[in-house]
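J.:
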Amino acid sequence: MKFAKMHGLGNDYVYVDCFTERISDPAGLARLFSDRHKGIGSDGLILIGPSGKADFRMQIYNADGSVAEMCGNGIRCLGKYVYERGMTDKTELTVETLAGIRRLRLTVEDKTVTEVEADMGIPILKADKIPIVSEHSMVVDEPIVVDGVMLRMTGVSLGNPHAVIYVQSVRTADIGWLGPRLEHHGRFPRRINVEFTEIIDRHTISVRVWERGAKETLSCGTGACAAVVASVLNDLTERRVRVKLTGGDLTVEWREADNTVYMTGPAAAVFDGVINIPSAG
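Residue numbering for the sequence shown follows numbering that gives the first Met the number 0, starting at 0 and increasing by one per position.
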């Protein structure tokens with residue numbers, strides 16, 4: 000089976016072209032590929048295939064084999080993959096995801112995609128739609144107790160669920176302890192992605208991400224978007240923000256005109272390879 004490894008600010012995925020490859024057990028393949036000691040090493044697996052609704056279809060599997068509805072870094076890399084491999088000559092694409100149809104705008108220089116702007120959709124803020132168990136219709140600066148520790152969270156979905164937690168310093172935040180406890184907390188029926196967020200100024204935030212099914216990652220596109228939406232809701236930032244992640248920076252804008260979140264950042268190819276998978280269909 001042929002594959003490509005790509006990353007968006009260090010958030011790395013293995014990509015398989017399902018126009019030409021057949022996969023019988025994608026969850027098992029995701030676990031195998033993602034293993035950084037016995038596999039290729041990645042935060043998950045992304046399958047690119049045909050769509051009846053858009054130019055392409057993206058299916059995302061986390062490192063533990065669970066399904067993800069959407070991935071901001073992953074969809075930017077998909078844009079680079081399909082354009083540079085001649086699967087399309089469009090610089091504006093539509094991609095079908097479990098979170099809905101998403102639009103990409105590619106910046107191309109000398110036939111190379113240097114940057115991708117992704118339409119991340121209209122944020123979902125109703126607690127029961129994220130979902131988060133709450134007595135309120137929206138979760139904004141709401142308390143949550145984690146093993147006796149009181150935190151405050153803001154809930155946002157970009158097709159996948161996020162809880163944004165503000166901290167004094169992302170550098171010293173105990174993400175390894177808090178992350179898994181929040182991910183599996185009883186208030187999150189479908190588990191949760193967690194953004195530990197530090198406000199630098201009204202145009203800049205710093206974020207570390209604990210991803211559902213993948214643990215801490217160097218970057219998370221939907222997480223960066225969720226952190227900006229939460230920061231606007233809490234009147235901590237403006238609507239256009241530079242998000243500083245461990246793997247690098249993204250620009251996120253929650254536009255008032257159409258209520259849509261747009262994310263802009265790089266995408267990088269790492270290497271191509273071929274692997275023997277006895278169980279592949």
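C-beta: ideal position from N, C-alpha, C; glycine also.
Glycine 158 and threonine 96 look like a contact to me (Cβ under 8 Å); what is the Cβ gap, rounded to whole Å?
T.: Yes, they are in contact, since the Cβ atoms of glycine 158 and threonine 96 sit about 7 Å apart, within 8 Å.
J.: Tell me whether arginine 238 sits in a helix, a strand or coil according to DSSP, three-state version.
T.: If DSSP states are grouped into helix, strand and coil, arginine 238 belongs with coil.
J.: In terms of residue numbering, what span does the alpha helix (DSSP H) encompassing proline 160 cover?
T.: Taken as a continuous stretch (DSSP letters only), proline 160 belongs to no alpha helix (DSSP H), being part of the beta strand (DSSP E) at 160 to 165.
J.: Could you please give me the residues that DSSP links to lysine 214 through a beta bridge?
T.: Per DSSP, Glu210.
J.: Which residues does DSSP pair with lysine 243 in a beta bridge?
T.: DSSP lists Ser205, Asp248 as partners of lysine 243.
J.: Report the partner residues of valine 112 according to the DSSP bridge assignment.
T.: BP columns for valine 112 point to Val107.
J.: Report the start-end ranges of each beta strand (DSSP E) in the segment 69 to 140 that is 3 residues or longer and not cut off at the edges.
T.: Correct list: 91 to 96, 99 to 108, 111 to 118.
J.: Considering only their Cβ atoms, is the gap separating isoleucine 129 from proline 179 smaller than 8 Å?
T.: No, these two residues do not count as a Cβ contact at 8 Å.
J.: Between the C-alpha atoms of alanine 256 and arginine 239, what's the straight-line distance to the nearest angstrom?
T.: Computed Cα separation, rounded: 13 Å.
J.: Quick check: glutamate 182 and valine 193, are their CB atoms within less than 8 Å of each other?
T.: Yes; because the gap between Cβ atoms is below 8 Å, this pair is in contact.
J.: Buried or exposed: which applies to glutamate 134, given that a residue is buried once 16 or more other Cβ atoms fall within 10 Å of its Cβ?
T.: Classification of glutamate 134: exposed, given that the 10 Å Cβ count is below 16.
J.: Taking the CB atoms as reference points, tell me whether asparagine 61 and threonine 216 lie closer together than 8 Å.
T.: No.
J.: Check the DSSP bridge columns for lysine 4 and list the partner residues they point to.
T.: Answer is Val13, Phe270, bridged to lysine 4.
J.: Report the partner residues of serine 156 according to the DSSP bridge assignment.
T.: Answer by DSSP bridge pairing, in chain order: Ile123, Pro160.
J.: Looking only at C-alpha atoms, which of Ile121, Glu210, Leu244, His184 sits nearest to isoleucine 287?
T.: Nothing about residue 287 can be read from this structure; the chain reaches only from 0 to 280.
J.: Counting Cβ pairs, one atom from each stretch, are 3 or more of them under 8 Å apart for the segment 109 to 129 and the segment 50 to 60?
T.: Too few Cβ pairs lie closer than 8 Å, so no.
J.: Within the same chain, show all residues whose beta-carbon is closer than 6 Å to that of arginine 190, passing over the 5 residues directly before and after it, in chain order.
T.: Correct list, in chain order: Glu182, Arg211.
J.: Indicate whether the contact test is met: 3 or more Cβ pairs, each with one atom in the segment 36 to 43 and one in the segment 76 to 88, closer than 8 Å.
T.: Verdict: no, contact absent.
J.: If the criterion is Cβ atoms closer than 8 Å, does the pair valine 107 and threonine 93 meet it?
T.: No, Cβ-Cβ distance for valine 107 and threonine 93 is not below 8 Å.
J.: Could you check the C-alpha separation between methionine 152 and serine 50 for me, to the nearest Å?
T.: Roughly 36 Å between the two C-alpha positions.
J.: Where does isoleucine 174 fall in DSSP's three states?
T.: It is helical.
J.: For valine 228, I'd like the list of residues in its chain whose CB is within less than 7 Å of its CB, leaving aside the five on either flank, ordered along the chain.
T.: Excluding sequence neighbours, valine 228 sits near Pro122, Val155, Trp253, Val260.
J.: Under the assumption that threonine 196 contacts alanine 226 (Cβ atoms under 8 Å), give the Cβ distance between them as a whole number of angstroms.
T.: Rounded, the Cβ-Cβ distance is 5 Å, consistent with contact.
J.: Does the separation of the CB atoms of glutamate 237 and arginine 207 fall below 8 Å?
T.: No, the Cβ-Cβ distance between glutamate 237 and arginine 207 is not below 8 Å.
J.: Out of Gly220, Phe18, Leu31, point me to the one whose CA is closest to methionine 86's CA.
T.: It is Phe18 whose Cα lies nearest to the Cα of methionine 86.
J.: Classify aspartate 109: buried if its beta carbon has 16 or more other beta carbons within 10 angstroms, exposed otherwise.
T.: Classification of aspartate 109: exposed, given that the 10 Å Cβ count is below 16.
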